[in-house]
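Peer 1: The opening residue of the sequence shown carries number 5 in our numbering; numbering runs sequentially from there. Dropping a structure here in structure tokens format, bear with me for questions.
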Amino acid sequence: MASWADILNLTLPHLWLLAGTLLVLLVEGVAPRRWHAGGWTAAGVFAIGSALSSWSAMDGELWQGMYVWDGYARMLTALIMIIGALVCLSSVCCEEWQKTGDRGSYYALLLLSALGFTLISCSGSLLTLYITLEIGTVSLFALAGHRKTDPRSGEAALKLLIVSATSSAILLYGISLVYGAYGTTVYSQLPLGIMPGTGGNQMGLIGMLGMILVIGGLAFKITAAPFHLWVADVYQGAPTPISAFLSTASKTAGFAALLRLLIIGLHGAEDVWVMVLVALSALSMVLGNLVALAQSSLKRLLAYSSVAQAGYLLVAVVSGVELGLGATLFYLLLYAFANAGAFFVAQALQGNVGSEEIDALRGLRYRSPTLAFSMLIFLLSLGGIPPLAGFWGKLYLFWAGASEGHYTLVLIGAITSVIALYYYLMVAKRMFIDAPEQETPFRFPRSLGTAIAICVVATAVIGLYPRPWLEWSYASTFLTVPPDLPRTAIQQTER
5 MASWADILNL TLPHLWLLAG TLLVLLVEGV APRRWHAGGW TAAGVFAIGS ALSSWSAMDG
65 ELWQGMYVWD GYARMLTALI MIIGALVCLS SVCCEEWQKT GDRGSYYALL LLSALGFTLI
125 SCSGSLLTLY ITLEIGTVSL FALAGHRKTD PRSGEAALKL LIVSATSSAI LLYGISLVYG
185 AYGTTVYSQL PLGIMPGTGG NQMGLIGMLG MILVIGGLAF KITAAPFHLW VADVYQGAPT
245 PISAFLSTAS KTAGFAALLR LLIIGLHGAE DVWVMVLVAL SALSMVLGNL VALAQSSLKR
305 LLAYSSVAQA GYLLVAVVSG VELGLGATLF YLLLYAFANA GAFFVAQALQ GNVGSEEIDA
365 LRGLRYRSPT LAFSMLIFLL SLGGIPPLAG FWGKLYLFWA GASEGHYTLV LIGAITSVIA
425 LYYYLMVAKR MFIDAPEQET PFRFPRSLGT AIAICVVATA VIGLYPRPWL EWSYASTFLT
485 VPPDLPRTAI QQTER
């Protein structure tokens, strides 16, 4: 039985987030409104929490394997907290939508949502997965509808509620089938040979049906097609910082849950779930990119681009532990900065011209050269253009897929990447070639500019110096995979 000291060491980053939630409410309640103390405090809580996640060297399990703290959880927890800090920075001083809402509750709900998402990466059981997923998702309903004067914000909150309730019902029914078939929900205790009909046991078929339903429930969270129909409306209607959080932190949490489930609980049934995920991957890449071509709203374009990015990530997920897991973690890292940065630029656009239409970007290089250059960096990275981070990410994703013989999937990924590059460059054309409709320079809060600058620097640094980040990503897979599975390490750089 673990001691209280062990429990504290293993759960310290999450306890810190919980304490930070109370601290934000206290600070926002007593500090003058003009100080924006709640936002700065929340950003600091996230930053310290990220450092605690990286600093904590102790690994272990609690509560009979229902909670697991290892290198995998450490990396994803730190990444989600970094995203949270950037979202807080982008939210500070954004009075155009905060003035009608309670800012203290906004940041507290953001911290609670991040708490749930970070706990997902530590979940070693379907039961804890469901509970932590609900903690992370329920807070987002209020956050999506926080812009009270905008009807689209209320619509986004309602649609997110309906979709989340549907996915939770599917997930919970799948969990009940799994528990009925195997008598446990802990990943490490699930049978390794759970192929349908194994040994003539009908319970194997029931358990596998439950697992497919669980994967279907998680497909909503990672915005994989055809479970993506809610994405564009929710991303467009929600406050832009929350759209950034949904497209990055929520997707990271969904993949965190999916990867641990497949690797620990289902690695004996790859023939079943690989077929399901291959279909989801191909459909996501094709539909996401084709529908994005027809969008006139920047946030809707980024929403459908996010669907396509889920398809690219699934290419690595179906490629096994040896190469696929590390490639997935690496891509989640670089995707978070590029995609969040693009949403932050959309936020600056909304704050200056009152529109999120792509045409509103016309002549942006004249009105704000720095903002135009930043957006170009994000778009080219998402498109996979060297030497930016997205190039290395897609290279390793497709390399992992080709290594496992998924040549058709890799070909689809390459073709759809060209399609994606077309609509990314069309946005760039608006910014750098088209004439501006107005000459007024863009103005935006320094905190938002800081968030954009951090994303630009991270995207460029990961692209120019990918090896340390690749080493971190692949090293984070070592403690999470069963010892009988093959693992590939990148040789450590000599220092």
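Don't be surprised by glycine CBs; every beta carbon is placed ideally from N, CA and C. Small disclaimer: the values here were computed from a predicted structure and weren't measured.
Along the chain, where does the beta strand (DSSP E) containing Trp4 start, and where does it finish?
Peer 2: Residue coverage of the chain in this structure runs from 5 to 499, which leaves residue 4 outside it and unanswerable.
Peer 1: For the alpha helix (DSSP H) containing Val72, name the first residue and the last one.
Peer 2: In the sequence shown, counting from the first residue as 1, residue 72 sits at position 68. From DSSP, Val72 is part of no alpha helix (DSSP H) but of the beta strand (DSSP E) over Tyr71 to Trp73.
Peer 1: Looking only at C-alpha atoms, which of Leu284, Tyr308, Phe436 and Ala9 sits nearest to Phe377?
Peer 2: If you number the sequence shown from 1, residue 377 lands on position 373. Answer by Cα proximity: Phe436.
Peer 1: If you reduce the DSSP assignment to three classes, tell me which class Val325 lands in.
Peer 2: Here residue 325 corresponds to residue number 321 of the sequence shown, with the count starting at 1. In the three-state reduction of the DSSP assignment, Val325 falls in the coil class, being assigned neither a helical nor a strand state.
Peer 1: Specify the secondary structure class of Gly292 as computed by DSSP and reduced to three states.
Peer 2: To locate residue 292, count along the sequence shown from 1; it is residue 288. If DSSP states are grouped into helix, strand and coil, Gly292 belongs with the helices.
Peer 1: Given Trp8, which residues of its chain have a CB within under 6 angstroms of its CB, disregarding the five upstream and five downstream residues?
Peer 2: Locating residue 8 in the sequence shown gives position 4, where the first residue counts as 1. The answer is none, since no qualifying residue turns up.
Peer 1: Please go through the same chain and pick out, in chain order, the residues whose beta-carbon is closer than 6 angstroms to the beta-carbon of Ala89, but skip the five residues on each side of it.
Peer 2: The residue labelled residue 89 in the question sits at position 85 within the sequence shown. The answer, listed in chain order, is Ala47, Phe50 and Ala51.
Peer 1: Would DSSP call Val31 helix, strand or coil?
Peer 2: Counting from one through the sequence shown, the residue named residue 31 turns up at place 27. Three-state result, Val31: helix.
Peer 1: Helix, strand or coil for Ser372 per DSSP?
Peer 2: Start at 1 with the first residue of the sequence shown, and residue 372 comes out as number 368. If DSSP states are grouped into helix, strand and coil, Ser372 belongs with coil.
Peer 1: Which class does Leu306 belong to by DSSP, given the choice of helix, strand or coil?
Peer 2: Here the question's residue 306 lines up with position 302 in the sequence shown. Helix at Leu306.
Peer 1: What's the gap between the Cα of Ala77 and the Cα of Phe334?
Peer 2: If you number the sequence shown from 1, residue 77 lands on position 73. If you number the sequence shown from 1, residue 334 lands on position 330. Cα to Cα, the separation comes out at about 14 angstroms.
Peer 1: Would you say the segment 245 to 252 touches the segment 338 to 355, given that touching needs at least three Cβ pairs under 8 angstroms?
Peer 2: Note that the segment 245 to 252 touches the segment 338 to 355; at least 3 beta-carbon pairs, one per stretch, sit closer than 8 angstroms.
Peer 1: With a Cβ-Cβ cutoff of 9 angstroms, do Gly214 and Ile179 count as a contact?
Peer 2: Counting from 1 along the sequence shown, the entry for residue 214 is found at position 210. Counting from 1 along the sequence shown, the entry for residue 179 is found at position 175. Taking 9 angstroms as the Cβ cut-off, Gly214 and Ile179 qualify as a contacting pair.
Peer 1: Among Tyr239, Ala464 and Thr189, which one has its Cα closest to the Cα of Gly130?
Peer 2: Position 126 of the sequence shown, counted from the start, is the residue given in the question as residue 130. One point to set straight first is that residue 130 is Leu, not Gly, in the sequence displayed. Among Tyr239, Ala464 and Thr189, the Cα nearest to that of Leu130 belongs to Thr189.
Peer 1: Checking the sheet assignment: what are the DSSP bridge partners for Glu65?
Peer 2: Within the sequence shown, numbered from 1, the residue matching residue 65 stands at position 61. Glu65 pairs with Val72.
Peer 1: Would you check if the distance between the CB atom of Leu137 and the CB atom of Lys255 is smaller than 9 angstroms?
Peer 2: For the purposes of this step, residue 137 is taken as the residue at position 133 of the sequence shown. For the purposes of this step, residue 255 is taken as the residue at position 251 of the sequence shown. Cβ atoms of Leu137 and Lys255: not closer than 9 angstroms.
Peer 1: In whole angstroms, what is the alpha-carbon distance linking Leu22 and Leu116?
Peer 2: Stepping through the sequence shown from its first residue, residue 22 is reached at position 18. Stepping through the sequence shown from its first residue, residue 116 is reached at position 112. The alpha-carbon atoms of Leu22 and Leu116 are separated by roughly 7 angstroms.
Peer 1: Checking the sheet assignment: what are the DSSP bridge partners for Glu361?
Peer 2: Here residue 361 refers to the residue found at position 357 when the sequence shown is read from its first residue. Answer is Ser301.
Peer 1: Buried or exposed for Tyr469, please, with buried defined as at least 16 other CB atoms from any protein chain shown within 10 angstroms of its CB.
Peer 2: Working through the sequence shown from its first residue, we reach residue 469 at position 465. The residue is exposed, with fewer than 16 neighbouring Cβ atoms inside 10 Å.
Peer 1: Determine, using beta carbons only, whether Ala236 and Ala350 come nearer to each other than 9 angstroms.
Peer 2: By 1-based counting over the sequence shown, the position of residue 236 is 232. By 1-based counting over the sequence shown, the position of residue 350 is 346. The answer is no: Cβ separation not under 9 angstroms.
Peer 1: Counting pairs of Cβ atoms below 8 angstroms between the segment 275 to 293 and the segment 415 to 423, do you hit three or more?
Peer 2: yes
Peer 1: Quick check on Val96: does DSSP put it in helix, strand or coil?
Peer 2: Within the sequence shown, the letter at position 92 stands for residue 96. If DSSP states are grouped into helix, strand and coil, Val96 belongs with coil.
Peer 1: So, under 8 angstroms CB-CB, Ala261 and Ser127 are touching, yes? Tell me the CB distance rounded to an integer number of Å.
Peer 2: For the purposes of this step, residue 261 is identified with residue 257 of the sequence shown, where counting begins at 1. For the purposes of this step, residue 127 is identified with residue 123 of the sequence shown, where counting begins at 1. Indeed they touch by this definition, with Cβ atoms about 7 angstroms apart.
Peer 1: Quick check: the segment 361 to 374 against the segment 429 to 446, are at least 3 beta-carbon pairs closer than 8 angstroms?
Peer 2: Short answer: they touch.
Peer 1: Just to confirm the assignment: which complete alpha helix (DSSP H) runs, minimum length 4, are found wholly within the segment 421 to 481?
Peer 2: 450 to 468 and 470 to 479, all fully within the segment 421 to 481.
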